[in-house]
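J.:
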Amino acid sequence: MVRVHFGEDDRWQGKPLHEAIVAKCKELGIAEVIVFRGIEGFGSGSRIRRSGHWAFSKDAPIQLSIVDTEEQIARLLPFLGTMVEEGLIATSKVDAIRYRRSSTYSQ
Amino acid sequence: MVRVHFGEDDRWQGKPLHEAIVAKCKELGIAEVIVFRGIEGFGSGSRIRRSGHWAFSKDAPIQLSIVDTEEQIARLLPFLGTMVEEGLIATSKVDAIRYRRSSTYSQ
Amino acid sequence: MVRVHFGEDDRWQGKPLHEAIVAKCKELGIAEVIVFRGIEGFGSGSRIRRSGHWAFSKDAPIQLSIVDTEEQIARLLPFLGTMVEEGLIATSKVDAIRYRRSSTYSQ
Numbered sequence: 000m001v002r003v004h005f006g007e008d009d010r011w012q013g014k015p016l017h018e019a020i021v022a023k024c025k026e027l028g029i030a031e032v033i034v035f036r037g038i039e040g041f042g043s044g045s046r047i048r049r050s051g052h053w054a055f056s057k058d059a060p061i062q063l064s065i066v067d068t069e070e071q072i073a074r075l076l077p078f079l080g081t082m083v084e085e086g087l088i089a090t091s092k093v094d095a096i097r098y099r100r101s102s103t104y105s106q
Numbered sequence: 000m001v002r003v004h005f006g007e008d009d010r011w012q013g014k015p016l017h018e019a020i021v022a023k024c025k026e027l028g029i030a031e032v033i034v035f036r037g038i039e040g041f042g043s044g045s046r047i048r049r050s051g052h053w054a055f056s057k058d059a060p061i062q063l064s065i066v067d068t069e070e071q072i073a074r075l076l077p078f079l080g081t082m083v084e085e086g087l088i089a090t091s092k093v094d095a096i097r098y099r100r101s102s103t104y105s106q
Numbered sequence: 000m001v002r003v004h005f006g007e008d009d010r011w012q013g014k015p016l017h018e019a020i021v022a023k024c025k026e027l028g029i030a031e032v033i034v035f036r037g038i039e040g041f042g043s044g045s046r047i048r049r050s051g052h053w054a055f056s057k058d059a060p061i062q063l064s065i066v067d068t069e070e071q072i073a074r075l076l077p078f079l080g081t082m083v084e085e086g087l088i089a090t091s092k093v094d095a096i097r098y099r100r101s102s103t104y105s106q
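Protein chains in written order, with numbering that gives the first Met the number 0: chain A, 0 to 106; chain B, 0 to 106; chain C, 0 to 106.
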C-alpha cells in the first residue's frame with residue numbers, strides 16, 4: 000500500500016497531479032487507487048498550507064491510497080518520485096484480497 | 000484494522016453495501032467504523048470505474064475503515080467476504096487506544 | 000503514523016477538536032497532518048453516533064492522519080491523550096519520503 004499526500008492545486012504537465020497519478024496507475028495496471036480530499040491539513044505539500052491561511056485556500060489536501068503487489072508498487076514508485084514535487088509518499092504492508100464478479104484471488 | 004474498498008452503487012440485499020456493512024459491524028459489536036467517500040479512483044470494485052468514464056459516474060469509490068481486536072476482526076471477515084462481490088479487503092495491524100468519557104482502556 | 004478518530008462536534012477549550020489538534024501539531028512542528036470527514040460511522044467517539052441515529056446527525060466522523068518520525072509522534076501522543084475525550088488513537092509504522100521544492104529527504 001502506498002499513500003501519497005499533496006495539495007489539490009499541484010500540477011503535473013498541466014494536469015491536476017491527482018489525475019496524472021491516477022492515469023499513470025491505470026497505464027501500469029495498478030490494482031486499486033482511491034483519491035480522497037481532506038477538509039484541512041498542512042505539510043510539505045503546499046506553501047499555501049504552510050502559510051497558516053490554509054483554511055481559506057482552495058488548495059485542499061489530497062491523499063491517494065494505492066494497493067497492489069510489491070512488484071507493482073516498485074514499478075510505480077519512481078514515477079511518483081518524479082511527479083510529486085512537494086508532498087509525502089508513505090508505504091506500508093497490508094494483507095489484501097481482491098474480489099471480482101467472476102473470480103476471487105488473493106494477492 | 001480492515002480497509003474495505005468498493006463502489007458507492009454496490010448493493011447488498013437491496014441496501015447500499017456500505018450501510019449493510021455498517022449494520023453488520025454494529026450487530027457484531029465492532030468498536031470503530033468510518034465510511035469515507037473518495038473523489039476519484041478505480042479498481043476491482045466497479046465495472047463502470049474500469050471503463051475509464053469513472054469521473055462522470057456517480058459511482059464514487061467508498062472506503063470503510065474498521066478497527067477492533069484480532070478476534071473481532073476474525074468474526075467480521077467471513078461476512079465481508081460474502082457481502083463484497085467486487086472490491087478489496089485489506090487488513091493491517093495497528094496499536095490502538097480507545098477513549099470513552101467514563102473510562103479509558105487499551106485494546 | 001497516527002490516526003485519530005472522533006466526532007466533528009467534539010470540542011477542546013471551545014474550539015473544534017480537529018482544529019485544536021491541527022494547531023497543536025503545528026506548534027510541535029509535526030511534518031504532515033490531513034483531516035478527513037467521513038460520511039457515516041460509529042464508535043467510541045460520540046454518544047450520538049452510538050444511539051443509532053447517526054445518519055441524521057451533523058456529527059460526522061473525523062479522521063486525522065498524522066505522519067512524522069517516532070520521536071515527534073512520541074512528543075505528540077500525550078497531548079492527544081489529553082485532548083481526545085472520546086475517540087480512538089491508532090499508531091502504525093510506515094516508510095515515508097517527504098518532498099519539498101528545494102530538497103528531498105527521507106525520514
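Note that CB positions come from ideal geometry on N, CA and C, so glycine has one too. Note that the coordinates shown come from a computational prediction; the quantities given were computed from them, not determined experimentally.
1. Going straight from the alpha carbon of M82 of chain C to that of A30 of chain B, what length do you get?
2. Would you be able to state if there are at least three C-beta pairs under 8 Å between the region 14-32 of chain B and the region 10-22 of chain A?
3. Per DSSP, what are the beta-bridge partners of Q62 of chain C in this structure?
4. Please list the partners that V21 of chain C has in chain A, where partner means a Cβ-to-Cβ separation under 8 Å.
5. Flag H17 of chain A as yes if its beta-carbon sits less than 7 Å from any beta-carbon of chain C, otherwise no.
6. Taking only the alpha-carbon atoms, compute the straight-line gap between I38 of chain B and E26 of chain C and give it to the nearest angstrom.
7. Work out the CA separation of M0 of chain B and R97 of chain A for me, nearest whole Å.
8. What do you get for Q62 of chain B, buried or exposed, if any count of 16 or more other CB atoms within 10 angstroms of its CB means buried?
9. Look at I59 of chain B and R36 of chain B and say whether their C-beta atoms are less than 7 Å apart.
10. Counting only beta-carbon atoms, is F5 of chain C nearer than 7 Å to chain A?
11. Going by alpha carbons, who is nearest to S91 of chain A out of A:E85, A:D67 and A:G80?
12. Consider the Cβ of D67 of chain B: report whether some Cβ of chain C lies at a distance smaller than 7 Å.
13. With a Cβ-Cβ cutoff of 7 Å, do L79 of chain A and H4 of chain A count as a contact?
14. Kindly identify the DSSP beta-bridge partner or partners of I20 of chain B.
15. Are the CB atoms of V34 of chain C and G40 of chain A within a distance shorter than 7 Å?
16. Can you check whether the CB of E69 of chain C is closer than 7 Å to the CB of R99 of chain B?
17. So if DSSP puts F78 of chain B in a beta bridge, which residue, or which two residues, is it bridged to?
18. Taking just the CA atoms, how far does I65 of chain A sit from V21 of chain A?
19. Taking the alpha-carbon of C24 of chain A as reference, which of A:A89, A:L76, A:R10 and A:G6 has the nearest alpha-carbon?
20. With a threshold of 7 Å between beta-carbons, can V1 of chain B be considered close to chain A, or not?
21. Can you tell me whether DSSP reads I29 of chain C as helix, strand or coil?
22. Strictly by DSSP, which residues pair up with K14 of chain A?
23. Can you give the beta carbon distance from A95 of chain C to V93 of chain B, rounded, assuming they're within the 8 Å contact cut?
24. What's the C-alpha gap between I72 of chain B and G13 of chain A?
25. If the cut-off is 9 Å on Cβ atoms, which residues from the region 66-95 of chain A count as contacting chain B, listed in chain order?
26. Going by DSSP, which residues form a beta bridge with G42 of chain A?
27. Please list the partners that Q62 of chain A has in chain C, where partner means a Cβ-to-Cβ separation under 8 Å.
28. Taking buried to mean at least 16 other C-beta atoms within 10 Å of its own C-beta, is Y104 of chain B buried or exposed?
29. Let me confirm a value: R2 of chain B is counted as buried when at least 16 other C-beta atoms fall within 10 Å, else exposed. Which label applies?
T.: Taking the structure as given:
1. 20 Å
2. no
3. C:H4 and C:F35
4. E39, G40 and F41
5. no
6. 31 Å
7. 17 Å
8. buried
9. Reading off the sequence shown, one finds Ala at residue 59 of chain B, where the question assumed Ile. Cβ distance < 7 Å, so A59 of chain B and R36 of chain B count as in contact.
10. no
11. A:D67
12. no
13. no
14. In the DSSP output, where bridge partners are listed per residue, I20 of chain B has none listed.
15. yes
16. no
17. Note: F78 of chain B sits in no beta bridge, so no partner.
18. 9 Å
19. A:L76
20. no
21. coil
22. A:W11
23. That pair is no contact at about 16 Å.
24. 44 Å
25. V66, S91, K92, V93, D94 and A95
26. Paired residues: none, contrary to the question.
27. I33, F35 and S64
28. No answer about Y104 of chain B holds up, because its pLDDT of 46 lies below 50 and its placement is not dependable.
29. buried
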